[in-house]
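Residue numbers (my numbering), protein chains in the order written: chain X, 4 to 239; chain G, 4 to 239; chain C, 6 to 221; chain D, 6 to 221.
Written below as structure tokens is the structure these notes are about.
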Amino acid sequence: MGKVYRDAQDALAGVLRDGMMIMSGGFGLCGIPSLLIGAIRESGVRDLTIVSNNAGIDDAGLGLLLQTRQVRKMISSYVGENATFARQFLAGELEIEFNPQGTLAERIRAGGAGIPAFYTKTGVGTAVAEGKPTAEFDGETYVQERGIVADLSIIHAWKGDEEGNLIYRRTARNFNPMMATAARMTVAQVEHLVQPGDLDPDHIVTPGIFVKRLVQVGPGFEKRIEQRTTRKKLMA
Amino acid sequence: MGKVYRDAQDALAGVLRDGMMIMSGGFGLCGIPSLLIGAIRESGVRDLTIVSNNAGIDDAGLGLLLQTRQVRKMISSYVGENATFARQFLAGELEIEFNPQGTLAERIRAGGAGIPAFYTKTGVGTAVAEGKPTAEFDGETYVQERGIVADLSIIHAWKGDEEGNLIYRRTARNFNPMMATAARMTVAQVEHLVQPGDLDPDHIVTPGIFVKRLVQVGPGFEKRIEQRTTRKKLMA
Amino acid sequence: MAWTRDQMAARAARELEDGFYVNLGIGIPTLVANHVPSNVNVQLQSENGMLGLGPFPYEGEEDADLINAGKQTITALPTSSYFSSADSFAMIRGGHIDLSILGALQVAANGDLANWMIPGKMVKGMGGAMDLVAGVKKVVVLMEHTAGGKPKLLKDCSLPLTGARVVDMVITELGVFTLARKGETAVTLIELAPEVTLEEITAKTEAPFTVALRNA
Amino acid sequence: MAWTRDQMAARAARELEDGFYVNLGIGIPTLVANHVPSNVNVQLQSENGMLGLGPFPYEGEEDADLINAGKQTITALPTSSYFSSADSFAMIRGGHIDLSILGALQVAANGDLANWMIPGKMVKGMGGAMDLVAGVKKVVVLMEHTAGGKPKLLKDCSLPLTGARVVDMVITELGVFTLARKGETAVTLIELAPEVTLEEITAKTEAPFTVALRNA
Chain X
4 MGKVYRDAQD ALAGVLRDGM MIMSGGFGLC GIPSLLIGAI RESGVRDLTI
54 VSNNAGIDDA GLGLLLQTRQ VRKMISSYVG ENATFARQFL AGELEIEFNP
104 QGTLAERIRA GGAGIPAFYT KTGVGTAVAE GKPTAEFDGE TYVQERGIVA
154 DLSIIHAWKG DEEGNLIYRR TARNFNPMMA TAARMTVAQV EHLVQPGDLD
204 PDHIVTPGIF VKRLVQVGPG FEKRIEQRTT RKKLMA
Chain G
4 MGKVYRDAQD ALAGVLRDGM MIMSGGFGLC GIPSLLIGAI RESGVRDLTI
54 VSNNAGIDDA GLGLLLQTRQ VRKMISSYVG ENATFARQFL AGELEIEFNP
104 QGTLAERIRA GGAGIPAFYT KTGVGTAVAE GKPTAEFDGE TYVQERGIVA
154 DLSIIHAWKG DEEGNLIYRR TARNFNPMMA TAARMTVAQV EHLVQPGDLD
204 PDHIVTPGIF VKRLVQVGPG FEKRIEQRTT RKKLMA
Chain C
6 MAWTRDQMAA RAARELEDGF YVNLGIGIPT LVANHVPSNV NVQLQSENGM
56 LGLGPFPYEG EEDADLINAG KQTITALPTS SYFSSADSFA MIRGGHIDLS
106 ILGALQVAAN GDLANWMIPG KMVKGMGGAM DLVAGVKKVV VLMEHTAGGK
156 PKLLKDCSLP LTGARVVDMV ITELGVFTLA RKGETAVTLI ELAPEVTLEE
206 ITAKTEAPFT VALRNA
Chain D
6 MAWTRDQMAA RAARELEDGF YVNLGIGIPT LVANHVPSNV NVQLQSENGM
56 LGLGPFPYEG EEDADLINAG KQTITALPTS SYFSSADSFA MIRGGHIDLS
106 ILGALQVAAN GDLANWMIPG KMVKGMGGAM DLVAGVKKVV VLMEHTAGGK
156 PKLLKDCSLP LTGARVVDMV ITELGVFTLA RKGETAVTLI ELAPEVTLEE
206 ITAKTEAPFT VALRNA
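Dropping the structure here:
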């Protein structure tokens with residue numbers, strides 16, 4: 004099949020170019036394609052437009068690409084956790100397009116589904132709707148939002164097989180499945196590379212058709228926790 | 004929780020009324036809510052608008068509601084397997100609105116997702132687009148299609164728990180998951196009623212929020228095959 | 006005596022009904038989970054893709070793959086399910102969530118809500134707030150009655166809106182108001198916190214309101 | 006000598022490339038699966054919600070829950086996956102399927118396709134055909150060259166359209182034509198079946214075409 008690549012650099016070889024639009028999965032630091040982000044950083048590619056719900060934190064996730072000033076524009080719903088972002092934005096070095104989180108998710112889903120535009124109630128009467136067409140349906144006003152298709156999507160999955168079929172674990176699913184469908188090239192990093200047949204076909208969330216390349220993360224792979232919150236065990 | 008009902012009659016009690024719109028899951032006879040269709044037939048409710056990809060065959064599936072003339076209108080993509088349908092249609096007793104299968108699936112998905120309208124390339128330049136708004140996006144023409152929300156959805160699933168979480172088996176999934184989301188009341192028949200925690204939360208296709216009532220099929224439950232096609236075993 | 010944050014959360018919890026699916030915002034709304042009556046079964050939704058949120062994990066049992074919309078580590082329940090962000094907001098936008106309880110910077114008499122940006126300050130983004138207020142069946146705001154001594158329940162919002170005519174109820178440390186999302190603007194004071202006077206709450210509220218106190 | 010149905014299917018199979026995802030229509034197109042070259046790996050999609058279609062089951066091993074879009078019992082492969090009809094058509098509409106091979110009643114010179122209804126006859130519905138021709142990257146029509154002695158590759162379709170300007174290639178028992186979906190109408194005869202003459206195919210074709218025969 005030839006979808007499996009040796010490492011992240013290899014998996015992105017020939018794909019990266021300056022000025023391209025990249026979708027990057029994850030919510031906060033949960034389910035982010037950290038290896039692939041690292042490889043993009045190493046490649047030195049610049050002027051990127053990044054579609055991602057968040058912008059990582061200063062020293063992890065997309066924060067790594069902000070540090071190196073490889074990002075020109077972010078399309079996101081919330082970037083509060085990143086001081087580098089704030090500094091570059093206030094200095095006018097970084098552009099941001101805020102989308103309501105659900106509108107962002109749906110725009111990506113629409114892009115992958117061949118839907119160029121849809122209507123939503125979200126944002127009607129707010130700054131988000133300014134300059135966009137509105138329409139009435141059954142007496143309610145809705146705003147038109149556009150589907151997005153990127154040049155490249157980088158995503159993270161729990162398990163993947165050689166055909167590119169993917170499953171996700173818990174809330175690390177988030178934006179990854181839609182982004183897998185909404186780019187001309189989708190590269191996935193998986194925690195566990197398995198053989199075709201190892202995944203129950205009823206459980207596959209992303210069918211292999213959407214995944215062009217995949218790479219297994221190495222043994223030292225670390226998943227960071229952004230807000231470690233716990234409760235105390237009561238003594239019996 | 005109180006979502007589990009004793010039988011199909013019980014699960015539909017107080018829900019049925021003349022003239023209502025009902026979505027009915029399944030593709031051909033695969034994954035159809037046969038028990039619930041039977042209970043609707045017994046109820047005698049009339050003038051129904053049914054949203055379903057197909058119309059069953061003469062003596063199974065929605066064909067049972069056509070026999071008793073309980074259906075006023077079908078919104079479907081293909082009704083070729085049903086002679087009762089053809090007879091009633093030609094006699095002017097039955098209305099049909101044909102939708103391309105993917106447009107039908109997406110209209111239902113949109114209805115459940117709070118999207119009143121979307122644009123698609125499907126049907127542009129054909130009879131399907133007549134009378135509907137069109138728009139250009141990036142130089143291509145698209146037709147506007149509307150989301151659908153029904154009064155009731157009846158669906159079939161493989162396993163369900165008391166919370167209403169559902170999983171489907173193989174191609175019996177088809178229209179069931181979207182229909183579960185697109186009605187004011189969704190009633191599911193499940194082949195196996197299991198306890199909360201028995202379904203892996205990563206495998207759940209329909210979260211319980213969408214399912215208001217469910218009923219387990221009985222021991223004599225039969226799944227019919229419409230086109231039994233086989234190949235011969237070669238002798239070794 | 007004005008309500009404490011916990012008492013405000015407890016008051017908001019009285020809006021929960023058995024079988025409700027509920028989304029709780031960050032801050033005081035999170036506390037509502039501690040006050041769910043024992044005879045009421047609710048499932049909490051987190052917009053990052055989970056239904057059936059459990060409590061925080063015990064120390065050492067945190068899972069990087071299991072967080073809520075505030076990015077805090079949480080746990081699952083036997084009823085839990087996971088789904089994508091598109092499916093999560095389809096659920097929200099499609100009107101399947103019964104109740105959303107969230108904070109606010111300002112609420113206007115007509116139900117307008119502002120809670121995502123203050124011009125001149127760094128803008129962090131609206132996250133899922135605009136989708137929640139547009140999509141959820143009932144929206145309850147849980148907020149301090151004033152900020153820096155100035156009323157937050159106003160004739161009109163001066164800050165950029167999160168949603169237009171989206172708030173059904175406002176709960177503050179001083180009392181509870183209902184608002185009309187449709188038709189004529191109608192703010193009604195329905196409860197006062199113990200020992201809070203009508204004079205005090207009127208002085209601290211810019212939006213005109215009628216009074217129809219219910220037995221709390 | 007005109008091609009047999011199997012030879013037509015074999016010719017269509019030569020449009021398959023390694024790694025392609027393919028949707029095959031009912032009828033002759035189904036036969037294409039029997040002619041996939043051994044060095045070409047393709048995955049078949051069925052619009053009722055499956056990728057990775059296997060062959061028909063052995064007798065006694067039929068599964069009512071496992072059918073193709075023609076409602077025939079089939080089997081799965083180790084690569085298979087299942088999904089909903091909405092996800093299936095998102096895949097189709099979104100341009101993720103490389104090739105669709107389907108039958109036709111009429112094809113026009115500009116690529117218009119009619120294959121779903123004949124006015125006056127009972128209308129059965131278009132099923133997924135309109136979505137497939139609108140969404141799939143390359144559309145190949147596999148059809149008899151004539152019906153009742155009348156050409157089916159026409160100047161204009163007289164039957165209601167399934168799609169406007171959607172056909173890239175037409176394969177009949179007499180030869181192979183390419184069509185242009187965009188810009189100027191351009192029908193080109195690129196192959197003739199063995200012993201079929203240019204005169205014969207011209208006589209049986211209403212659409213004007215140019216000839217640029219390739220070595221078959």
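Note that beta-carbon positions come from the ideal geometry of N, C-alpha and C, so glycine has one too.
Report the partner residues of residue i according to the DSSP bridge assignment.
{"i": "isoleucine 60 of chain G", "result": "G:Ala63"}
{"i": "glutamine 91 of chain G", "result": "According to DSSP, glutamine 91 of chain G bridges with nothing at all."}
{"i": "methionine 77 of chain G", "result": "G:Ile53 and G:Ile99"}
{"i": "asparagine 28 of chain D", "result": "D:Gln50 and D:Ser105"}
{"i": "proline 156 of chain C", "result": "C:Thr151"}
{"i": "lysine 162 of chain X", "result": "X:Ile170 and X:His195"}
Skipping 5 residues on each side, what residues in its chain have a beta carbon closer than 7 Å to that of residue i?
{"i": "methionine 4 of chain X", "result": "For methionine 4 of chain X, the predicted model reports a pLDDT of 49, less than 50, meaning its position is unreliable; a value from the coordinates is still stated below. Cβ within range, chain order: Glu165 and Glu166."}
{"i": "threonine 144 of chain X", "result": "Val127 and Thr137"}
{"i": "serine 89 of chain D", "result": "Gly54"}
State the start and end residues of the unbroken beta strand (DSSP E) segment that holds residue i.
{"i": "serine 51 of chain C", "result": "48-51"}
{"i": "threonine 183 of chain C", "result": "180-183"}
{"i": "methionine 24 of chain G", "result": "24-27"}
{"i": "isoleucine 207 of chain X", "result": "Unbroken run through isoleucine 207 of chain X: none, as it is neither H nor E."}
From which residue to which residue does the alpha helix (DSSP H) around residue i run?
{"i": "asparagine 179 of chain G", "result": "179-184"}
{"i": "proline 34 of chain D", "result": "33-36"}
{"i": "aspartate 92 of chain C", "result": "90-98"}
{"i": "glutamate 109 of chain X", "result": "104-115"}
{"i": "glutamine 12 of chain C", "result": "10-18"}
State the Cα-Cα distance for the pair residue i and residue j, rounded to the nearest angstrom.
{"i": "glycine 100 of chain C", "j": "glycine 117 of chain G", "result": "7 Å"}
{"i": "glutamine 12 of chain G", "j": "valine 171 of chain D", "result": "48 Å"}
{"i": "leucine 159 of chain D", "j": "isoleucine 35 of chain G", "result": "41 Å"}
{"i": "tryptophan 8 of chain C", "j": "asparagine 46 of chain C", "result": "25 Å"}
{"i": "aspartate 116 of chain D", "j": "phenylalanine 121 of chain X", "result": "Just to set this straight, residue 116 of chain D is glycine in the shown sequence, not aspartate. If I take the Cα positions, the gap works out to 28 Å."}
{"i": "arginine 16 of chain D", "j": "aspartate 173 of chain D", "result": "15 Å"}
{"i": "lysine 155 of chain C", "j": "alanine 212 of chain C", "result": "12 Å"}
{"i": "threonine 52 of chain X", "j": "glutamine 12 of chain D", "result": "49 Å"}
{"i": "threonine 215 of chain C", "j": "isoleucine 40 of chain X", "result": "56 Å"}
{"i": "valine 152 of chain G", "j": "methionine 23 of chain G", "result": "11 Å"}
{"i": "glycine 168 of chain C", "j": "alanine 119 of chain C", "result": "7 Å"}
{"i": "isoleucine 106 of chain C", "j": "isoleucine 97 of chain D", "result": "39 Å"}
{"i": "threonine 123 of chain G", "j": "glutamate 109 of chain G", "result": "10 Å"}
{"i": "threonine 129 of chain X", "j": "serine 80 of chain X", "result": "15 Å"}
{"i": "glutamate 189 of chain C", "j": "glutamate 205 of chain C", "result": "26 Å"}
{"i": "leucine 155 of chain X", "j": "leucine 32 of chain X", "result": "20 Å"}
{"i": "glycine 28 of chain X", "j": "glycine 59 of chain X", "result": "11 Å"}
{"i": "glycine 150 of chain X", "j": "valine 131 of chain G", "result": "23 Å"}
{"i": "aspartate 205 of chain G", "j": "arginine 173 of chain X", "result": "6 Å"}
{"i": "histidine 150 of chain D", "j": "glycine 64 of chain X", "result": "58 Å"}
Whose C-alpha, out of the options, is nearest the C-alpha of residue i?
{"i": "proline 222 of chain X", "options": "X:Leu196, X:Asp201, X:Ile78 and X:Gly200", "result": "X:Leu196"}
{"i": "alanine 42 of chain G", "options": "G:Gly22, G:Cys33, G:Leu67 and G:Gly59", "result": "G:Leu67"}
{"i": "lysine 162 of chain G", "options": "G:Leu15, G:Met182, G:Gln219 and G:Arg227", "result": "G:Gln219"}
{"i": "glycine 132 of chain D", "options": "D:Gly125, D:Trp121, D:Val141 and D:Ala139", "result": "D:Trp121"}
{"i": "asparagine 179 of chain G", "options": "G:Ile158, G:Thr106, G:Pro103 and G:Glu139", "result": "G:Ile158"}
{"i": "alanine 152 of chain D", "options": "D:Gly108, D:Ala74 and D:Ala217", "result": "D:Gly108"}
{"i": "alanine 14 of chain D", "options": "D:Val138, D:Gly140, D:Gly30 and D:Tyr87", "result": "D:Gly30"}
{"i": "alanine 69 of chain D", "options": "G:Leu217, G:Ala183, G:Arg90 and G:Ala175", "result": "G:Ala175"}
{"i": "proline 119 of chain X", "options": "X:Leu97, X:Gln147, X:Thr233 and X:Leu93", "result": "X:Gln147"}
Beta-carbon within less than 6 Å of residue i's beta-carbon, same chain only, minus the 5 sequence neighbours each way: which residues are those?
{"i": "aspartate 50 of chain G", "result": "Asp21, Gly22 and Arg75"}
{"i": "aspartate 161 of chain C", "result": "Ala113"}
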